[in-house]
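In our numbering, the protein residues as written are 55 to 526.
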């Protein structure tokens, strides 16, 4: 048995059999330091200002209002005793090879678990907790706490306050609680829960899962194939390396896929989705969203709302759905469908397919051999081929087909002289146009500069030409 009563700074080393020692230094000091090395069959129960009994194979310590610095540990087999320590304030605790249970209580505490599967509780105050090796459980409690899991599969809970958590090696779980928390996963497959307020999370290496909770959160997947969910708030999600899946949730979110083939879901709100360097699927969800494809062959779905989509390099697919959408394909062979609403599309370079769907749409084929479908509504279809062979189909409604002097071979498959119009660009100021119009095999052939227009199934004896300005 070891019994200590002291107020003066003392240091006791114990490697021997059970014994009793009394230290009384008076009442004018408030700090006591105890360093203990535990034998195979003995432990320690320490309380300033009181006397306690030491129980075999277990260490229990309850501290009063004085400050105690302790180094607690033991030698012996893995089945050696466990340490259990409870304190009130100004507590520094260091474990060794045992499975320790440390509770700092009130005050700004420093607790290190050492080896073993430790349970560390900071209590109130701004605490520092180190798990060390082993699978540790850490609870910061109230205050702005710092927790480092070290090696092993650790569980950390920040509680109230702005907490910082570092997972270290192993597959760790982190719960931010209330406050603006900062979490870093390091190596391993980590799971993070931000909770309330605006949190910052970095998964590090490994396949990580993150939940932002409420608040405007910032998440970085890092290495590995990660799953990020922003949930409520205006969140920023970056996939990093690997094949990542990002869900913005409610709010106006920014999602960036980074490297790898990623899946991005904006959810509710006006979101921005950035595809990254590889092929990416993007779903804007509800709201007026911005989708940018970058390199790779990307799939984009705007969802409800007035969406803007840029395909970038690669063969991209775009679907606007409801709303007045804007789409630009850039390079590559792109496939665009506007859905309902009055949509505007630019195919860019490459051989593109553009379909307006419902509404009064404006379609520009751009360079390459393009196919344009106006769909229902009064649509405007621009060949813009730059020498390619384009096919224009207006669909139902009174459509306008616009050609220039250098648009190559253009075929209009459903020209209706009763309601459709043929528009020309580069018309001289005097309105006089040099055109050659002939009927061949039931079709009307119009030659205008370096452009040849074929009106399929139409034989014109008198036709209307709608003059428009060069707006290209």
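Every residue gets a Cβ at the ideal spot worked out from N, C-alpha and C, and that includes glycine.
Subject >> residue 166, enclosing beta strand (DSSP E) - first and last residue >> reply: Residue 166 -> beta strand (DSSP E) spans 164 to 166.
**OP:** Output the boundary residues of the beta strand (DSSP E) element that contains residue 256.
**Re:** Segment 254 to 256, the beta strand (DSSP E) holding residue 256.
Subject >> Span of the beta strand (DSSP E), counted from its first residue to its last, around residue 399 >> reply: In the DSSP assignment, residue 399 falls within the unbroken beta strand (DSSP E) covering 398 to 400.
**OP:** Please name the residue, chosen from 378, 377, 382, 374, that lies closest to residue 365 on a Cα-to-Cα basis.
**Re:** Relative to residue 365, the option among 378, 377, 382, 374 whose CA is nearest is 382.
Subject >> Sequence-distant residues of its chain with Cβ nearer than 8 Å to residue 513 (five each side left out) >> reply: Excluding residues within five positions, the ones whose Cβ falls inside 8 Å are 493, 496, 497, 498.
**OP:** Using beta-carbon positions only, say whether residue 455 and residue 449 come within less than 9 Å of one another.
**Re:** The answer is no: Cβ separation not under 9 Å.
**OP:** Check residue 219 in the structure and name its three-state DSSP category.
**Re:** In this structure, DSSP gives residue 219 an extended state, which the three-state scheme calls strand.
Original post:
Does at least one heavy atom of the ligand ADP sit under 8 Å from the Cβ of residue 399?
Top reply: Looking for the ligand ADP in the displayed structure turns up nothing, as the structure carries no ligands at all.
**OP:** Check residue 455 in the structure and name its three-state DSSP category.
**Re:** Here residue 455 sits in strand by DSSP.
Original post:
Rounded to whole angstroms, how far is the Cβ of residue 370 from the Cβ of residue 386, which I believe are closer than 8 Å?
Top reply: About 6 Å separates the two Cβ atoms, so the contact holds.
**OP:** Along the beta strand (DSSP E) that carries residue 289, what are the first and last residues, could you check?
**Re:** Note, residue 289: premise wrong, no beta strand (DSSP E); not H, not E.
**OP:** Quick one: using the 10 Å Cβ neighbour count with 16 as the cut-off for buried, is residue 352 buried or exposed?
**Re:** With a threshold of 16 other beta carbon atoms within 10 Å, residue 352 meets it and is buried.
Subject >> Separation of residue 420 from residue 403, as counted between CA atoms >> reply: Their Cα atoms are separated by approximately 6 Å.
Original post:
Which of the three DSSP states, helix, strand or coil, is assigned to residue 156?
Top reply: Under the three-state reduction of DSSP output, residue 156 falls in the strand class.
Original post:
What do you get for residue 339, buried or exposed, if any count of 16 or more other CB atoms within 10 angstroms of its CB means buried?
Top reply: Of the other Cβ atoms in all chains shown, 16 or more fall within 10 Å of the Cβ of residue 339; this residue is therefore buried.
Original post:
Which class does residue 355 belong to by DSSP, given the choice of helix, strand or coil?
Top reply: Looking at residue 355 - three-state DSSP - the assignment turns out to be strand.
**OP:** Compare the C-alpha of residue 389 against each of 224, 427, 169, 228 and name the closest.
**Re:** Of 224, 427, 169, 228, the smallest CA-CA separation from residue 389 is found for 427.
Original post:
Which one or two residues does DSSP pair with residue 184 in a beta bridge?
Top reply: The partner list for residue 184 (beta bridge, DSSP) reads 166, 202.
**OP:** Taking residue 557 as part of the beta strand (DSSP E), name the residues at either end of that continuous run.
**Re:** As shown, the chain starts at 55 and ends at 526. That puts residue 557 outside it, with no answer to give.
Subject >> Boundaries (first-last residue) of the beta strand (DSSP E) holding residue 391 >> reply: From DSSP, the beta strand (DSSP E) with residue 391 extends over 389 to 391.
Original post:
From residue 152 to residue 263, what does the alpha carbon distance come to, in whole angstroms?
Top reply: Pairing residue 152 with residue 263, the inter-Cα distance amounts to about 31 Å.
**OP:** Please classify residue 511: does DSSP put it in a helix, a strand, or coil?
**Re:** Residue 511 carries a coil assignment under DSSP once its states are collapsed to helix, strand and coil.
**OP:** Name the two residues that bound the continuous beta strand (DSSP E) containing residue 236.
**Re:** Going by DSSP, residue 236 is part of the beta strand (DSSP E) stretching over 236 to 238.
Original post:
When the Cβ atoms of the stretch 266 to 273 are set against those of the stretch 309 to 318, are three or more pairs found closer than 8 Å?
Top reply: Short answer: they don't touch.
**OP:** Name the one or two DSSP bridge partners that residue 310 has.
**Re:** According to the DSSP secondary-structure assignment, residue 310 is paired through a beta bridge with 292, 328.
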